[in-house]
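Read the structure below first, then the notes.
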Amino acid sequence: MSTVARLFFGFVVGALAVLLVHQLTIWGLSRVGVTAVSLFPMRANLPWAISATAQQAVIGGLWGLLYILIWDRWGRYGVVRSALFGAGFGLIGPAMVLWIVWPLIWGTPLFGGGSMGRIAVVALTAVVFGIGLAWLVQVINGFMRHASR
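Per our numbering, residue -5 is the first one in the sequence shown, and the count goes up by one each step.
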């Protein structure tokens, strides 16, 4: 597959990981009372005038681009190793951005203000997002390889 096709694949899988895995994780956490975030929020947030879910899907797609670039080089080790790789990716990438980069941009406290509950929720959702991303890449990549025979 060409590089452009791989990058497109990564973007689509990252967006799917947000819509399928991340949102279901948020739903599960809200059902048990850990967080009060709604499922598939449709309210438009700044800086874009699109729904929060669409923004999250675009950002997930960008993380999927980065994941594919790294996965093509180091992540092709089977389902279990890929899930561990995805969990590490989720903690190192999206979680660190949510803990450090976004607060610096928006002028809010780093690491959720030191709230262990917020840190744990971000860590859990980032790890589950990374594992879901890894699983989706493995499954869809396997189907594409099988279909191209």
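Ideal Cβ positions, reconstructed from N, Cα and C, are used throughout, including at glycine. Bear in mind the structure is a predicted one, so any value in this text is a computation, not a measurement.
- Message: So for Ser76, helix, strand or coil by DSSP?
- Response: As a first step, residue 76 is located in the sequence shown; it is residue number 82 there, counting from the start. Ser76 carries a helical assignment under DSSP once its states are collapsed to helix, strand and coil.
- Where the alpha helix (DSSP H) through Thr(-3) begins and ends: If you number the sequence shown from 1, residue -3 lands on position 3. Looking at the DSSP string, the run of the alpha helix (DSSP H) that includes Thr(-3) is Thr(-3) to Ala11.
- If you drop the 5 nearest sequence neighbours on each side, which residues of the same chain put their C-beta closer than 7 Å to that of Phe34? Reading the sequence shown from its first residue, position 40 is the one you call residue 34. Within the same chain, and ignoring the five residues on either side of Phe34 in sequence, the residues whose Cβ sits closer than 7 Å to its Cβ are Gln17 and Thr47.
- Item | Sequence-distant residues of its chain with Cβ nearer than 7 Å to Val7 (five each side left out) | By one-based count along the sequence shown, residue 7 stands at place 13. The beta carbon of Val7 sits closer than 7 Å to the beta carbons of Gly58, Leu127, Leu130, Val131 and Ile134 from its chain, once the five residues preceding and following it are set aside; these are given in chain order.
- Task: Would you identify the three-state DSSP class for Ser109, choosing helix, strand or coil?
- Result: On the sequence shown, residue 109 is found 115 positions in, with the first residue counted as 1. Coil, per DSSP.
- Task: Using 10 angstroms around the beta-carbon of Ala(-1), count the other beta-carbons present and answer buried if the total reaches 16, otherwise exposed.
- Result: Taking the first residue of the sequence shown as 1, we reach residue -1 at position 5. Flag for Ala(-1) reads exposed.
- Item | Pick from Arg25, Thr(-3) and Val74 that is closest to Leu63, judged by C-alpha positions | One-based indexing of the sequence shown puts residue 63 at position 69. That would be Thr(-3), whose Cα lies nearest to the Cα of Leu63.
- Report, in whole angstroms, the separation of the C-beta atoms of Ala81 and Gly124, which I expect to be a contact under 8 Å. Mapped onto the sequence shown, residue 81 falls at position 87. Mapped onto the sequence shown, residue 124 falls at position 130. The distance from the Cβ of Ala81 to that of Gly124 is about 5 Å, consistent with a contact at the 8 Å cut-off.
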